[in-house]
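S.K.: This is the structure, below, for whatever I ask next.
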Amino acid sequence: MAWQKLCPLEEIPALGARVVEHADGDIAVFRAAGDSVFAVADACPHKGGPLSQGIVHGHKVTCPLHGWNIELASGHACAPDEGCVRNYPVRIEAGTVWLEL
Amino acid sequence: MQKQKLVMVGNGMAGVKTLEELIKHAPDLFDITVFGAEPHGNYNRILLSPVLAGEMTLPDIMLNDLDWYRDNGITLHAGRKVVEINRARRTVRADDGTEVAYDRLLLATGSVPFILPVPGKDLPGVIAYRDIADTEAMIEAAQHHRHAVVIGAGLLGLEAANGLILRGMEVTVVHLGGWIMERQLDKAAADMLQASLEAKGMKFCLQAQTAELLAADSGRVGAVRLKDGTELAADLVVMAAGIRPSTSLAESARLHCERGIVVTDTLQTVTDPRIYAVGECANHRGTAYGLVAPLFDQAKVCANHLAGFGIGRYLGSVTSTKLKVTGVDVFSAGDFQGGADCDEIVLHDRAGGVYKKLVLKDDKLAGAVMVGDTADGAWYFQLVREGKDVAEMRDHLMFGQSFTQSQLGDAGHQGQSQAALLPDTAEICGCNGVCKGTIVKAIREKGLFTLDEVKKHTKASSSCGSCTGLVEQILASTVGGAYQSTDKFAKPVCGCTEHTHGEVREAIRQQKLLTIPDTMRALEWSTPNGCATCRPALNYYLISTWPFEAEDDPQSRFINERAHANIQKDGTYSVVPRMWGGLTTPDELRAIADAAEKYKVPTVKVTGGQRIDLLGVKKSDLPLIWSDLNAAGMVSGHAYGKSLRTVKTCVGKEHCRFGTQLAMDLGVKLEKMLFGMWSPHKVKLAVSGCPRNCAESGIKDVGVIGVDSGYELYVAGNGGIKTEVAQFFCKVGSDEEVMEYGGAFLQLYREEAYYLERTCHYIERVGLEHAKKLVVEDAANRKALYERLLFALKDAPDPWAEQRTAPLVRNYQPIDLTNNGDRHGLAETVSS
Ligand code: SRM
Ligand SMILES: Cc1cc2nc3c(=O)[nH]c(=O)nc-3n(C[C@H](O)[C@H](O)[C@H](O)COP(=O)(O)OP(=O)(O)OC[C@H]3O[C@@H](n4cnc5c(N)ncnc54)[C@H](O)[C@@H]3O)c2cc1C
Ligand code: SF4
Ligand code: FES
């Protein structure tokens, strides 16, 4: 496990996300409300939709395919849907986003 | 800050609904304490009838179990009755001495059954029908005894009698009135219902007054004696002769009561604004309701007020009735008695067991009563509540929704009111594969009452929405009178706000709001940055109301409009270049072919919109393929947007032997004029050169048909989920006029429609006459609308060209880990 430098925070759109390509599958890195960052696997627990492409609100994202809501901090789907997506440690240091892989 | 103390008296359906709503809005505002006289959590009282009938069990009908109270930090005193309110000290005291102080007090004490004041009323075996204990007593009695008498042939009495028959008892229903359910049915309907209940073995004594209940040797009740001397054997007597709002506690605290605790439109008692009352115990504007649907409306308003929002007002409800006796369908709603100023339409098929009466007043449906075939109940009820003008459909109204709508050119596969007849395995929602049994189960087990709740829990009707009608019917037939359908746009935009689409549009215009955060602040949004439902709507309202002034927020757009391509199920995208009016050239086709090869596009398809779709493009390739297409002179086709889609054309007078007008030429002009137009929903046009109509102008938002003397304009057609034939709008002479009239109509739609309302739904809401008045008849207004449209569309850029430039193009690229070292000068990785 190592921390990887990703990009300056402003290279991720506010209330948006970008994708990190990874051998185990893409990872979506979100810049959510209040400039907090989250990283989860870019595959919705419903049918694998790319969460990175969803609308971000609060600390949640709405999947673009069928509208499930996912809690970014825990990766859990919001009730009444059930499911969970893997999340990854991520942090900002001096304006740069780091991801632990 | 110390939390305020909220105490609730009465742990029933209306009260707990209020708490649920309150917790949703303001979870941390109050310390909540609840007193309930019954020793249970909150259960679905309505479903006591199916429990008695043996169709459900008690655990099935729990709505909030004890865990729910604990999880929400609510102190529940179950099995304790409050006996005193001290308004001076602001405390309540229960029968076991427990005393609790309140800042706000909520009375939700429901009703008490009316017990006839006859001798013998206190004998063992004489009960009312109100709660779990009564239901258990009836089930127990049916196991050991044979004869039952139910006093009162209202909804409750008949459901009790039905249940007892199913449990093997012989039941006679004694009723004072001349016919059964006289508050809900007219005589003809009641006679028919009585006949079908008699066929199930129920016996009736009408116009019969109970004089006395006689004891048997055992000391238990043994018979009922009527005033005329008749004696009926009875080991069980169920009093179902009416209910009275439970007000004794309120009265002892000197709160003003008259057949209910009198409350204001915010559900506060008129005597003491710290004290609220909701549910059957409350009297609002002279009415104490006895059905769940209006009580839930009260609960919402009350919760809002407690949460400190203070915007909602309860203005009363229209109610409908449904009897829950399997195999006997009865429905009534609104004013079904009629009167001198009303008309009646009646269908009476005695042998077939069907009776229907519709009462009309001033071209509106005022009420309906039905026996035998109630499939259209939900539809009639909706017409009553909406006060919709039914003059146009009057001839067909009696034959129900599907027939009426097919006569109005409104066919399509929406719910045909047959939901009740469908087997559990019938697929209701084709998009999500949800069958009827799943929906019914969720409604019963999870205690769902609204379409939204069903959507959330089952996913039925949450995609294309074409099954919404069916789902509403299933709800109506499963929860009976408790179901209240609501017009989507009459409700708040979403859970983040109390405001409707109409109110939001109005505020944006009036207060000149220019950004989403400003709008959320001005309208007191309850979430920091909204959700995936409200943000796209707000974004559209802002940019359409204040073009060039309001900020467009790409992050508040659905991915397709953010990536300017349609997302596919595997996360790739489709690319549809514009082909003006469906025309193309060898050069364009060559460029498309080259691009398809270069970017390894797996599928190339001709769309239903007369152009070519390149499907399966990787997101990171989008800017590249756009660049190639741009170089060949092509721009975005907006196949992804709530925006102008296509203008289909036929070959027209240019080539066709029947053509009367240059259809292709006009189509291209229209498409160029409307390029880049964002709209509440997608917009499609077509131009046909003659009435043979090869471009299908009859199902377009704006359809143009060339005739010898000019053009006919049709509007508000739709070829999608539910086919709607476009309606004739006006006839014009020249191309310029088509552009002006068509453009003005679309601008009116852009300014007045709600987000995700297609032109057909918008016109259904406001009426075609409204649009004709503002566009066809009022020349000055038409010109002003047209100018506002042209202004908004001035220099509309090609989004593909825009997106290809820095820094926007970055959003299409993944963050590249391997390049990071180079970009930042060194490969920095730290071990944790
Ligand atoms: C590509 C195309 C099918 C085709 O291969 O022919 C298509 C594809 C989609 N249609 Fe369509 N529609 C296409 C022509 C139509 C037509 C025919 C037409 O335009 O003449 C209709 C009926 C006419 C109409 O809209 O009145 C049509 C009625 C719909 C509807 C129902 C709209 C309604 O109001 O009832 C939807 C759902 C929606 O918009 O909410 C929809 C939605 C969709 C979406 C965007 C679903 C989505 O949200 O992902 C599909 C994208 C597929 C994809 O993966 O890219 N599509 N769709 C057609 C593109 C036309 C174009 O060149 O832009
Ligand atoms: C058998 C049956 C079938 C029905 N079917 C339908 C139907 O099909 N459709 C429909 O819309 N409606 C139906 N209803 C009516 C519906 O159940 C009521 O309208 C609804 O439950 C009223 O809610 P409420 O909260 O006002 O009262 P309740 O649900 O009665 O709750 C009041 C609670 O307060 C408690 N309480 C009273 N006083 C005190 C006190 N001093 N201290 C502590 N607790 C107290 C009571 O014990 C009770 O539990 C039916 C009712 C019954 C009984
Ligand atoms: S292209 Fe249209 S009809 Fe075909 S599956 Fe998609 S939405 Fe349904
Ligand atoms: S794949 Fe995410 S909601 Fe269906």
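Protein chains in written order, with this note's numbering: chain A, 56 to 156; chain B, 4 to 835.
Cβ atoms here follow ideal geometry from the backbone N, Cα and C, with glycine treated the same way.
Would you mind reading off the limits of the beta strand (DSSP E) that contains His80/B?
M.R.: Position 77 of the second sequence, counted from the first residue, corresponds to residue 80/B. Where His80/B is concerned, the enclosing beta strand (DSSP E) stretches over Thr78 to Ala81.
S.K.: By the 10 Å Cβ neighbour count, where 16 or more other Cβ atoms means buried, how is Cys763/B classified, buried or exposed?
M.R.: Taking the second sequence and counting its residues from 1, one reaches residue 763/B at position 760. Cys763/B comes out buried.
S.K.: What are the complete beta strand (DSSP E) segments, minimum 3 residues, inside the segment 183-231 of chain B?
M.R.: 206-208, 213-218 and 224-229
S.K.: Return helix, strand or coil for Cys697/B, following the three-state DSSP convention.
M.R.: Locating residue 697/B in the second sequence gives position 694, counting from the first residue. In the structure shown, Cys697/B sits in coil (DSSP, three-state: anything other than H, G, I, E or B).
S.K.: Which residue wins for smallest C-alpha separation from Glu185/B, given the options Gly472/B, Arg96/B and Phe339/B?
M.R.: Within the second sequence, residue 185/B is the residue found at index 182, counting from 1. Comparing Cα-Cα distances from Glu185/B to each of Gly472/B, Arg96/B and Phe339/B, the minimum goes to Phe339/B.
S.K.: Can you name the residues of chain B whose CB is closer than 7 Å to the CB of Glu37/A?
M.R.: Any property of residue 37/A remains undetermined from this structure, which presents chain A solely from 56 to 156.
S.K.: So, helix, strand or coil for Val121/B, using DSSP?
M.R.: Taking the second sequence and counting its residues from 1, the one referred to as residue 121/B is at position 118. Coil at Val121/B, not helix or strand.
S.K.: Looking at the secondary structure, which residues open and close the alpha helix (DSSP H) in which Cys305/B lies?
M.R.: Taking the second sequence and counting its residues from 1, the one referred to as residue 305/B is at position 302. Per DSSP, the continuous alpha helix (DSSP H) segment holding Cys305/B begins and ends at Val295 to Leu309.
S.K.: Is there at least one non-hydrogen atom of ligand 4 closer than 7 Å to the beta-carbon of Lys725/B?
M.R.: Translated into positions along the second sequence, residue 725/B becomes position 722. Lys725/B: no, Cβ never under 7 Å from ligand 4.
S.K.: Just verifying my parser: in three-state terms, what is the DSSP assignment at Asn633/B?
M.R.: Stepping through the second sequence from its first residue, residue 633/B is reached at position 630. The answer is helix: DSSP assigns Asn633/B an H, G or I state.
S.K.: Measuring alpha carbon to alpha carbon, tell me which of Ala729/B, Gly736/B, Lys786/B and Lys84/B ends up nearest Leu751/B.
M.R.: Start at 1 with the first residue of the second sequence, and residue 751/B comes out as number 748. Checked all of Ala729/B, Gly736/B, Lys786/B and Lys84/B; the closest Cα to Leu751/B is Lys786/B.
S.K.: Measuring alpha carbon to alpha carbon, tell me which residue in Arg813/B, Leu759/B and Ala91/B is nearest Arg277/B.
M.R.: If you number the second sequence from 1, residue 277/B lands on position 274. Measuring from the Cα of Arg277/B, the nearest candidate turns out to be Ala91/B.
S.K.: What would DSSP say about Tyr717/B, mapped onto helix, strand or coil?
M.R.: Position 714 of the second sequence, counted from the first residue, corresponds to residue 717/B. Strand.
S.K.: Could you name the residues whose beta carbon sits closer than 5 Å to any heavy atom belonging to ligand 6, keeping them in chain order?
M.R.: Ligand 6 is not part of the structure shown, which contains ligand 1, ligand 2, ligand 3 and ligand 4 as its ligands.
S.K.: Check whether the Cβ of Ser249/B lies closer than 7 Å to any heavy atom of ligand 2, and answer yes or no.
M.R.: Looking up residue 249/B in the second sequence gives position 246. Yes - ligand 2 has a heavy atom lying nearer than 7 Å to the Cβ of Ser249/B.
S.K.: Please report whether the beta-carbon of Cys62/A lies at a distance below 8 Å from any beta-carbon of chain B.
M.R.: Counting from 1 along the first sequence, the entry for residue 62/A is found at position 7. So, interface residue.
S.K.: Determine whether the beta carbon atoms of Val241/B and Ile154/B lie at a separation below 8 Å.
M.R.: Residue mapping note: residue 241/B aligns to position 238 of the second sequence, counting from 1. Residue mapping note: residue 154/B aligns to position 151 of the second sequence, counting from 1. At a Cβ-Cβ threshold of 8 Å, Val241/B and Ile154/B count as neighbours.
S.K.: List the residues of chain B that Ala78/A touches, going by C-beta distances under 7 Å, in chain order.
M.R.: In the first sequence, counting from the first residue as 1, residue 78/A sits at position 23. Below the 7 Å Cβ cutoff, chain B contributes no neighbours of Ala78/A, its closest Cβ being approximately 10 Å away.
S.K.: Could you confirm whether any beta carbon from chain B is found closer than 8 Å to the beta carbon of His131/A?
M.R.: Here residue 131/A is taken as the residue at index 76 of the first sequence, counted from 1. No, His131/A lies away from the interface with chain B (no Cβ there is under 8 Å from its Cβ).
S.K.: When you measure from the CB of Val707/B to every non-hydrogen atom of ligand 1, does any distance come out below 7 Å?
M.R.: As a position in the second sequence, residue 707/B is number 704, starting the count at 1. No - ligand 1 has no heavy atom lying nearer than 7 Å to the Cβ of Val707/B.
S.K.: For Lys303/B, verify whether its CB is less than 7 Å away from any heavy atom of ligand 2.
M.R.: Along the second sequence, one-based indexing puts residue 303/B at 300. With a cutoff of 7 Å, Lys303/B does not count as near ligand 2, since its C-beta is closer than that to no heavy atom of the ligand.
S.K.: Using three-state DSSP, classify Gly709/B as helix, strand or coil.
M.R.: Indexing the second sequence from 1 puts residue 709/B at position 706. Correct three-state label for Gly709/B: strand.
S.K.: Would Gly138/A pass as an interface residue toward chain B - the criterion being a Cβ-Cβ separation below 8 Å?
M.R.: Here residue 138/A is taken as the residue at index 83 of the first sequence, counted from 1. No, no contact with chain B.
S.K.: How would you write the range of the alpha helix (DSSP H) that Ala747/B sits in, first residue to last?
M.R.: Reading the second sequence from its first residue, position 744 is the one you call residue 747/B. That run of the alpha helix (DSSP H) goes Asp738 to Glu755.
S.K.: Comparing the C-beta of Thr530/B with each C-beta of chain A, is any distance below 8 Å?
M.R.: For the purposes of this step, residue 530/B is identified with residue 527 of the second sequence, where counting begins at 1. Chain A, which has a Cβ nearer than 8 Å to the Cβ of Thr530/B, makes this yes.
S.K.: On the three-state DSSP scale, how would you describe Leu258/B?
M.R.: As a first step, residue 258/B is located in the second sequence; it is residue number 255 there, counting from the start. Correct three-state label for Leu258/B: coil.
S.K.: Output, in chain order, the set of chain A residues within a Cβ distance shorter than 7 Å of Gly533/B.
M.R.: For the purposes of this step, residue 533/B is taken as the residue at position 530 of the second sequence. The contacting residues are His112.
S.K.: Run the CB neighbour count on Gln417/B, radius 10 Å, all protein chains shown included, and call it buried at 16 or more, exposed below.
M.R.: By one-based count along the second sequence, residue 417/B stands at place 414. Bear in mind that the predicted position of Gln417/B carries a pLDDT of just 41, short of 50, making it unreliable; the figure below should be weighed with that in mind. Under this definition Gln417/B is a buried residue.
S.K.: When DSSP labels each residue in this structure, what does Arg581/B get in the three-state scheme?
M.R.: The sequence position of residue 581/B within the second sequence is 578, counting from 1. In this structure, Arg581/B counts as coil in the three-state DSSP scheme.
S.K.: Just verifying my parser: in three-state terms, what is the DSSP assignment at His43/B?
M.R.: Translated into the one-based positions of the second sequence, residue 43/B becomes position 40. His43/B: coil per DSSP, three-state reduction.
S.K.: Taking DSSP as the reference, what is the three-state secondary structure of Arg648/B?
M.R.: Translated into the one-based positions of the second sequence, residue 648/B becomes position 645. Three-state result, Arg648/B: strand.
S.K.: May I ask you to report which of helix, strand or coil DSSP gives Leu326/B?
M.R.: Here residue 326/B is taken as the residue at index 323 of the second sequence, counted from 1. DSSP places Leu326/B in coil when its eight states are reduced to three.
S.K.: Tell me, please, whether the segment 339-348 of chain B touches the segment 203-212 of chain B by the rule of three or more beta-carbon pairs shorter than 8 Å.
M.R.: no
S.K.: Tell me the DSSP secondary structure of Ile278/B in three-state form.
M.R.: The count along the second sequence starts at 1 and reaches residue 278/B at position 275. The three-state reading of DSSP puts Ile278/B in strand, counting E and B together.
S.K.: How far does the beta strand (DSSP E) with Glu148/A in it extend, from its first residue to its last?
M.R.: On the first sequence, residue 148/A is found 93 positions in, with the first residue counted as 1. Run containing Glu148/A: Val145 to Glu148, per the beta strand (DSSP E) assignment.
S.K.: Quick one: grab the DSSP three-state call for Met242/B.
M.R.: Counting from 1 along the second sequence, the entry for residue 242/B is found at position 239. Met242/B: strand per DSSP, three-state reduction.
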